[in-house]
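> Shown below is the structure under consideration.
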Amino acid sequence: MAHRQPEIILTDSPGEHLQVDALVYPEDTYLVVDPYSPVHAMETPFSDLVAEAEAILPRPVGEIIPACVPEVAAARVFRLVLLDFDEPRPCRNRVVEKTLRRLIRQMADLGLRHLGLDRFELLEPCISAYRLLSCLLRETARLDSSGVLPPDTLTFALHHPAALRHYQVALAHLPGR
78 MAHRQPEIIL TDSPGEHLQV DALVYPEDTY LVVDPYSPVH AMETPFSDLV AEAEAILPRP
138 VGEIIPACVP EVAAARVFRL VLLDFDEPRP CRNRVVEKTL RRLIRQMADL GLRHLGLDRF
198 ELLEPCISAY RLLSCLLRET ARLDSSGVLP PDTLTFALHH PAALRHYQVA LAHLPGR
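This is the structure we're talking about:
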């Protein structure tokens with residue numbers, strides 16, 4: 078039985094403009110990378126913000142955090158905590174793969190068909206484009222073979238021309254493409 082492979086789209090368009098069901102992007106353990114966090118006047122006293130941050134930070138590597146971002150076109154937004162700037166070495170590729178497999182399963186459980194992956198060039202020190210794409214395709218094939226409907230479109234918004242080229246080369250070398 079042939080498995081349906083998701084369509085993979087590579088673009089240099091800004092992630093917030095992608096017409097997808099869910100937008101996913103890598104985040105660091107202290108949640109400072111967040112390109113979509115709104116800048117507002119502080120209504121909460123600074124001491125309360127510091128206390129809250131001390132209680133919830135750092136986030137564990139591998140966590141998938143739902144976010145509410147009204148400025149993006151996607152209905153849902155998820156942060157993948159995969160960057161740890163306190164560590165001298167980048168996140169292990171096994172941790173990235175495990176998180177991506179959980180993400181694909183979670184998107185399938187939610188019935189989300191079109192997934193946008195923004196700023197994934199930040200993960201290049203952790204995992205190659207080829208390995209990342211292979212992981213996503215293996216997980217969608219596994220879900221499809223078990224009767225679960227995985228996402229059918231994966232759109233990568235890559236902001237650096239070199240990263241876009243890495244993903245183009247990786248995509249061209251994937252089996253069955």
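Every number in our numbering is 77 more than the matching position in the sequence shown, counting from 1. Don't be surprised by glycine CBs; every beta carbon is placed ideally from N, CA and C. Please read all numbers here as calculations on a predicted model, not as lab measurements.
Excluding the five sequence neighbours on either side, which residues of its own chain have a C-beta within less than 6 Å of the C-beta of residue 160, listed in chain order?
103, 105
> How about residue 193 and residue 217: are their beta carbons less than 8 Å apart?
no
> Counting along the chain, where does the alpha helix (DSSP H) carrying residue 93 start and finish?
From DSSP, residue 93 is part of no alpha helix (DSSP H); its letter is neither H nor E.
> Tell me the DSSP bridge mates of residue 105?
Beta-bridge pairing by DSSP links residue 105 to 160.
> For residue 129, count neighbouring Cβ atoms within 10 angstroms of its own Cβ and tell me buried if that reaches 16, exposed if not.
Burial call: exposed.
> Quick check on residue 132: buried or exposed, where buried means 16 or more other Cβ atoms within 10 Å of its Cβ?
Exposed, by the Cβ-count rule.
> Among residues of its own chain, excluding the 5 on either side of residue 229, which ones have a beta-carbon nearer than 6 Å to its beta-carbon?
83, 190
> Output the distance between the C-alpha atoms of residue 200 and residue 93, rounded to the nearest integer angstrom.
Their backbone Cα atoms lie some 19 Å apart in a straight line.
> Residue 205 to residue 122, Cα distance in whole Å?
42 Å
> What's the gap between the Cα of residue 124 and the Cα of residue 145?
24 Å
> Is the distance from the Cβ of residue 241 to the Cβ of residue 248 below 8 Å?
no
> Can you tell me which of 90, 138, 183, 224 puts its alpha carbon nearest to the alpha carbon of residue 168?
Among 90, 138, 183, 224, the Cα nearest to that of residue 168 belongs to 138.
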